[in-house]
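S.K.: Protein sequence lines correspond, in order, to chains B and W.
For the first sequence, this note's numbering gives the first residue as 74, with consecutive numbering after it.
For the second sequence, this note's numbering gives the first residue as 74, with consecutive numbering after it.
There are 2 protein chains.
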Amino acid sequence: MLAWAKNYRRAWLAGDLAAGAVVAMMMIPQGMAYALVAGLPPVAGIYASILPLLLYALFGTSSSQSVGPMAIISLMTASALAPLAAPGSALYVALAGQLALLSGVVLLACGLLRLGFLANFFSRPVMNGFTIGSSILIAWDQLGTLLGAAPPHWHGPSAALGLGALALLVLARRRGAALLRRCGLPASSADIGARLAPMLVVLGAIAAVAVLGLDRMGVRVIGQVPAGLPHLNLATSGAHWLLLLKPALLIGFMCFLLSMSGAQALAAKKGEKLLTNAELVGLGAANIGSFLSGAFPVTASLSRSAVNFSAGANSQLAGVVTALLLGAALVLPTGWLALLPLPVLSATIIVAVLGMLESGTLRTAWRYDRADALALLATAGGVLLMGVEAGVVVGLLLSMGAMIWRESRPHIAVLGRIAGTEHFRNVDRYDTETRSGVLLLRVDAGLFFGNVEAVSARAEEELALHEGVRELVLVLSAVNAIDTSALFGLLELNATLAQRGVRLHLAEVKGPVMDRLKQSTLLERLSGQVFLSTANAWHALSSKGDDCQDSIGMAI
Amino acid sequence: MLAWAKNYRRAWLAGDLAAGAVVAMMMIPQGMAYALVAGLPPVAGIYASILPLLLYALFGTSSSQSVGPMAIISLMTASALAPLAAPGSALYVALAGQLALLSGVVLLACGLLRLGFLANFFSRPVMNGFTIGSSILIAWDQLGTLLGAAPPHWHGPSAALGLGALALLVLARRRGAALLRRCGLPASSADIGARLAPMLVVLGAIAAVAVLGLDRMGVRVIGQVPAGLPHLNLATSGAHWLLLLKPALLIGFMCFLLSMSGAQALAAKKGEKLLTNAELVGLGAANIGSFLSGAFPVTASLSRSAVNFSAGANSQLAGVVTALLLGAALVLPTGWLALLPLPVLSATIIVAVLGMLESGTLRTAWRYDRADALALLATAGGVLLMGVEAGVVVGLLLSMGAMIWRESRPHIAVLGRIAGTEHFRNVDRYDTETRSGVLLLRVDAGLFFGNVEAVSARAEEELALHEGVRELVLVLSAVNAIDTSALFGLLELNATLAQRGVRLHLAEVKGPVMDRLKQSTLLERLSGQVFLSTANAWHALSSKGDDCQDSIGMAI
């Protein structure tokens, strides 16, 4: 906690101030836009970017993460609240805060229970598919606001403003950096400058509305933004705790996955070590802060974090600067924001989410592993056809299915002895000697419910191939753990083999594994023995048999 | 398909006939009882035991499995249909069939897509917890019927009949076999004889009701059972397809898990090889058959299969015999069944499900692996507190969480050379030599999204421990596969290390893995080389460095 503050170096200050300011200027349009996506008043997006940032700075460990509203999490928020309350109602606002509170508690609890390993739950193609599906869904939902009427209709002035802003933003994204470089800016500043295009477009749009009186022509604007810092909010609805639990679990889970997928890459670039459990605590605290501010669930946005990183953020102070600047913006007069036209905010949303579409993962996966590519497409399709919550579940099932499939095929090698040595290697890859009557199997994976059946089946197969075998040795040199299901599996294998007159032995059992096995009945029921080394097993078991320089298959 | 019929041996016939008859006598009370659990008329339980058995005999591969109604699946059926229709209504009956159809299609599709590996989805403690929770729930639900009134009230004659039957059945289960042995029956027949107690108790109860006129005293009886085979049923409700999809997925999944958990053990006893994909097809066909008969979802019951096995079933003909006998029972007059008292059926249900409670798994897990024991209790608690569907989800999450946790800690060894040989082994366990500047890491697990971060993190840790290292070799001798996520992870590791002047090399890449990597950009972007063997890497990379007989740690 606050380790960055204790070790703060003066040299970091310039970078932190610059990054903090740049992110604040990104955050004003983005925060308001993502509040709209979540179905909330725009100012809630600013509220979600003050206290949460300060709390993340207190508890989080990444110097680059930029916590705040994020498109996909806002979409999930809207989708969770839609069946429970009418957007804009006081209940809706209260439930959004409550959802942030619950998600925060879930994240905090996972952090304290050290469940950071859950970041490995989604495969990258599935994550990419989820992002693609959600981005398209968000962009699609914005079309009506962009055009000022539900498509295929449109409202002339709104559509002109919206599509104009869209064109400018796309242009800025595509050519902005190159243009600024040509104007003499250094490459890194030019990249950052191009990222401020949404703020400039928003300012221009406000000016256009004011000068041309577009609001009187029917262009919807965001209206009065209340000035001043957010009040302390403690509003919750007692009747909705249980109903919000499932969405809170899903949102907390996705907050973490979305945050980590970006953070890992940025941390690696800096040679920083990311403490995943501390990140969970940081994100949890940020969401609880968002609840206290009367806002909605937040996470670190990959694109904003990348800007924060390249604008020079050296520590969590950058986030503190962002928070202070946003707080200042709320304390200053906010009347000028009232004329911000909604079609332009929609344009910034559409450009931002379409920026998350990248086809590189799909193309790589399609060439490299068709099953992963199909999982990506299925997850994207799941989000588009069944909604964002169902998409998470589809993604989970596909990732888990792939994992189980992999686990059900562990690497298992038949071992033989390198002649004249005490070394035992895979008979398929080395010139080894084996003894008839003895079969050595090395399992290169921990034994657990996902693979113990496969190990038993492989043992049976090898026994069928090598008819004279009476001694089966499982070499457990790479087995870190044996779970309860695998323990039962071994007990059953031992019993089945004993019926057929084959003894089961264990070799090279690791200390911690052995300690645990001593708490079970396996060692006393084992038809064979436990050997310290494969060599011990070899000498003890083959004293009766004959040496043969051949493979087992030939020896029979 | 029908392989058993083609290879049928005359010697099997006696066993198949006996087992078929025994199971038919078990099935009459059991089928009717589990139909009641599912909220359906008792005769549906008999319908569910004719065509499904014939279809399973046609497609299934296990000679011992006894397909038909099963308590937990009936509970899941009732829980799925409760929000959709009133028990006893025509819609309810139609939806039960539709659920069997959908579950059957799910199972069939999984079989044809070769998804049999999904049988590894639940750990054994979680499965046990699920069974325990469901059994208690079923028994609890039967209390009202057993006592003839909602507890704490009771209806005297009903309670007397129900509790009396309960006592008799418990006695038969506990002492029946011993008693029959004392009467001179051989041990195996005595065990089977004791299993027929429910049928005898049911017959006795019918007689008691008839003689004492208990039905006129308010004891509820099952009433008229329609005679004749089931009509072909094709009734479905067009409005309910989507609503039934999720329960059908869960029920199909649990049908498969419940069936396989028993089948594996019985197949191992016979030295039979169970084809899991064919089992899926068999179960799918059976459920579609149950739909056609106007019944409800079915699966193989562990207890019934065990009786089938010990009564001598040698092939699927035993199931055909059961089906034919049950068909005959329906064609003969069924009037005598009308007086069967419901409290006695409840007693058979309670005794059957409480027979599924076994504390051995919990006790073993508690001593051996506390986390597995807690997963068991959490799953049982989930079923009891949140219902059977939520229980499946809790079980899934706990099993998957445990798997991910395991996967996020793959076995990784730093390798050194056994002096004077070309053998490379774990430096922690063997006396090896290493070279400063070169680090060999062997990963004992396939690389995929669940562990690639851990591999990168471990590589970074080892590099931090061994400062002078400029060449990192990943030895992939135990790596069977690298998925798309791991491919990206390796690309990122390669780039990060290159920034720091460390080259990444691969050694002992397996053929299929290499073929796939050639479809990616990894090989061209790799800062180092790909070596055929660890020895090649060792010689090529250490020609510049110095030999040292020490561990790397010492060498720095």
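C-beta atoms are modelled at their ideal positions from N, C-alpha and C, and glycine is treated no differently.
#1: Confirm, please, whether the CB-CB distance from Val417 (chain W) to Arg268 (chain W) is below 9 angstroms.
#2: In chain W, what lies closer than 8 angstroms to Pro198 (chain B) by C-beta?
#3: Which residues, in chain order, does the stretch 590-603 of chain B contribute to contact with chain W at a C-beta distance below 7 angstroms?
#4: Would DSSP call Ile295 (chain W) helix, strand or coil?
#5: Could you tell me whether the stretch 192-200 of chain B touches the stretch 511-530 of chain W, using the rule of 3 or more Cβ pairs below 8 angstroms?
#6: Please decide whether Gly519 (chain B) counts as near chain W, where near means a Cβ-Cβ distance under 9 angstroms.
#7: Can you tell me where the beta strand (DSSP E) with Arg490 (chain W) in it begins and where it stops?
#8: For the alpha helix (DSSP H) containing Arg598 (chain B), list its first residue and its last residue.
#9: For Asp619 (chain W), does the three-state DSSP call read helix, strand or coil?
#10: In this structure, how does DSSP classify Ala580 (chain B) when only helix, strand and coil are distinguished?
#11: Work out the CA separation of Leu427 (chain B) and Leu234 (chain B) for me, nearest whole Å.
#12: Going by alpha carbons, who is nearest to Met200 (chain W) out of W:Ala155, W:Asp445, W:Gly296 and W:His496?
#13: Leaving out five residues before and five after Ser366 (chain B) in sequence, what residues of the same chain have Cβ atoms less than 7 angstroms from its Cβ?
#14: Which whole-angstrom value describes the C-beta separation of Ala340 (chain B) and Leu347 (chain B), a residue pair presumed to lie in contact below a C-beta threshold of 8 angstroms?
#15: Within 9 angstroms of any Cβ in chain W, is that where the Cβ of His612 (chain B) sits?
#16: Taking buried to mean at least 16 other C-beta atoms within 10 Å of its own C-beta, is Pro414 (chain W) buried or exposed?
#17: Where does Thr569 (chain B) fall in DSSP's three states?
#18: Does any CB atom of chain B fall closer than 9 angstroms to the CB of Gly344 (chain W)?
#19: For the alpha helix (DSSP H) containing Phe132 (chain B), list its first residue and its last residue.
#20: Closer than 9 angstroms by beta-carbon distance: list the chain W residues that pair up with His496 (chain B), in chain order.
#21: Buried or exposed: where does Asn381 (chain B) fall if 16 or more other Cβ atoms within 10 Å of its Cβ makes it buried?
#22: Give me whichever residues DSSP pairs with Leu512 (chain B) in a beta bridge.
#23: At what residues does the beta strand (DSSP E) containing Asn499 (chain W) begin and finish?
#24: Quick one: measure Cβ to Cβ for Arg576 (chain B) and Glu544 (chain B), integer angstroms, because I've assumed they're closer than 8 angstroms.
#25: Would you kindly check if the distance between the Cβ of Arg498 (chain W) and the Cβ of Leu488 (chain W) is under 9 angstroms?
#26: How should Cys256 (chain B) be labelled, buried or exposed, when 16 other C-beta atoms within 10 angstroms of its C-beta is the threshold for buried?
#27: Out of B:Phe326, B:Ala425, B:Ala278 and B:Ala420, point me to the one whose CA is closest to Ala411 (chain B)'s CA.
#28: With which residues is Ile555 (chain W) paired in a DSSP beta bridge?
#29: Can you give me the C-alpha to C-alpha distance between Met143 (chain W) and Phe369 (chain W), rounded to a whole angstrom?
#30: Taking the C-alpha atoms as reference points, what is the distance between Ser624 (chain W) and Leu599 (chain W)?
#31: Taking the alpha helix (DSSP H) that Tyr674 (chain W) falls in, what are its first and last residues?
#32: Since I believe Gly249 (chain B) is in contact with Ala270 (chain B) (beta carbons under 8 angstroms), could you give me their beta-carbon distance rounded to a whole number of angstroms?
#33: Quick test of the definition: if touching needs 3 or more C-beta pairs under 8 angstroms, does the stretch 174-194 of chain W touch the stretch 466-477 of chain B?
#34: What residues in its chain sit with their C-beta under 6 angstroms from that of Ala300 (chain W), if we drop five residues either side in the sequence?
#35: Need the endpoints of the alpha helix (DSSP H) that Val275 (chain W) sits in, please.
#36: Considering Cys328 (chain W), what are the terminal residues of the alpha helix (DSSP H) in which it resides?
M.R.: Working from what's here:
#1: no
#2: Thr557 and Ser558
#3: Gln592 and Ser593
#4: coil
#5: yes
#6: yes
#7: Ile485 to Arg490
#8: Leu595 to Arg598
#9: Residue confidence is low: Asp619 (chain W) scores 45 on pLDDT, short of 50, so the model does not pin down where it sits. Its coordinate-derived value is still stated next. Three-state result, Asp619 (chain W): coil.
#10: strand
#11: 19 angstroms
#12: W:Asp445
#13: Tyr120, Ala121, Ile123, Leu124, Pro303 and Asn306
#14: 4 angstroms
#15: no
#16: buried
#17: helix
#18: yes
#19: Leu124 to Phe132
#20: Ile491, Thr494, His496 and Arg498
#21: buried
#22: B:Leu545
#23: Phe497 to Asn499
#24: 5 angstroms
#25: yes
#26: exposed
#27: B:Ala278
#28: W:Leu520
#29: 10 angstroms
#30: Only weak support exists for where Ser624 (chain W) lies, its pLDDT of 35 falling under 50; the coordinates are left without a value.
#31: This structure does not reach residue 674 (chain W), given that chain W is present from 74 up to 629, and the question cannot be answered.
#32: 6 angstroms
#33: yes
#34: Thr407
#35: Ala270 to Leu285
#36: Trp314 to Lys343
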